[in-house]
Amino acid sequence: MRVIPHPRAEVCVFSDTDGLRQAAADEFQRAAVAAVAARGRFMVALAGGSTPRGVYSALVAHTAAGPRAVPWEAVQVFFGDERAVPPDHPDSNFRLAYETLLKRVPVSPANIHRMVAERPAWVAADLYEGELRRCFQLERNQRPRFDLIMLGMGDDGHTASLFPGAPALREEHRLVTVTQHPQGGAERITLTLPVLNQASQVMFVVSGPAKAGRVREVLFGPERGQALPAQRVRPARGRLVWLLDEAAAAGLPGA
Ligand code: 6PG
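Numbering-wise (our numbering), the sequence shown opens with residue 2 and increments by one.
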């Protein structure tokens, strides 16, 4: 593993995708143990897309390993975004997490907070706002402070379901909003930037050569926040961690 110096982020590059997945699982476990020791619970938002699949498998293996395991009994699982589909749909982020992780570890079903994306999108967004306010015991103008938010990045620089140029990038009050995928307009439900930037820790996990150019732009290019939503994710009072494999880091210094 090599670290690339960066003014705002901790950028760690791993020799291959397995090393990246293991490191992400290790960081998830570290954050969980620390949060539970400090506050009795671990409030985590899982990433969407396909990259997390390998991280989830590594987490299941961690749990099987025993004493170094994640304190699942105190973990509250949320989602960074969701496609506007039922939970058993092949495109569902919940379905991926449930099939590869959540049904394989001793997390309580009551502690899995799914976006009810089978409902009309704005209904689902409003319901999720309410779920966040209830679970984090928020006052009216407060935002939830997740212990960890896992994120991926698309090759267009989107993250969660915050796409380039989307009006949602200017949302300053809502915790959860509705966006449309730029190809085809399919609706998404997503946490907003103010929630992402309220986190104690954000962990991007990005793999593969297709992302390398955008990773370079986001981390070392000029400020283009409307065009590069992932560049807008900078926790005000938290850690920003980018975990990459060498393929995704190919455009970075020292590659
Ligand atoms: C989604 C995600 C999205 C994802 C990136 C990377 O619902 O698709 O939230 O932001 O993390 O598109 O996706 P891959 O991991 O599949 O490359």
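All C-beta atoms, glycine included, are put in the ideal place defined by N, C-alpha and C.
Query, Result
"Identified DSSP bridge partners for residue 73", "In the DSSP output, where bridge partners are listed per residue, residue 73 has none listed."
"Alpha carbon of residue 230 to alpha carbon of residue 240, nearest angstrom", "18 angstroms"
"Under 8 angstroms between C-beta atoms of residue 155 and residue 219", "no"
"Burial state of residue 121 (16 or more Cβ within 10 Å)", "exposed"
"Beta-carbon proximity list for residue 115, same chain, < 6 angstroms, skipping 5 on both sides", "95"
"Buried versus exposed, by CB contacts within 10 Å (16 or more), residue 243", "buried"
"Cβ pair residue 162, residue 180 closer than 8 angstroms", "yes"
"Stretch-stretch touch, CB-based, cutoff 8 angstroms, three pairs: the region 130-147 with the region 98-108", "no"
"Beta bridge counterpart(s) of residue 143 as assigned by DSSP", "None; residue 143 has no bridge partner."
"Coil, strand or helix - residue 213 by DSSP", "helix"
"Residue 131 versus residue 255 - alpha carbon distance", "45 angstroms"
"Neighbourhood of residue 12 by C-beta, 6 angstroms cutoff - its chain only, sequence neighbours within 5 removed", "5 and 243"
"Residue nearest to residue 44 in terms of C-alpha spacing, selected from 36, 211 and 50", "36"
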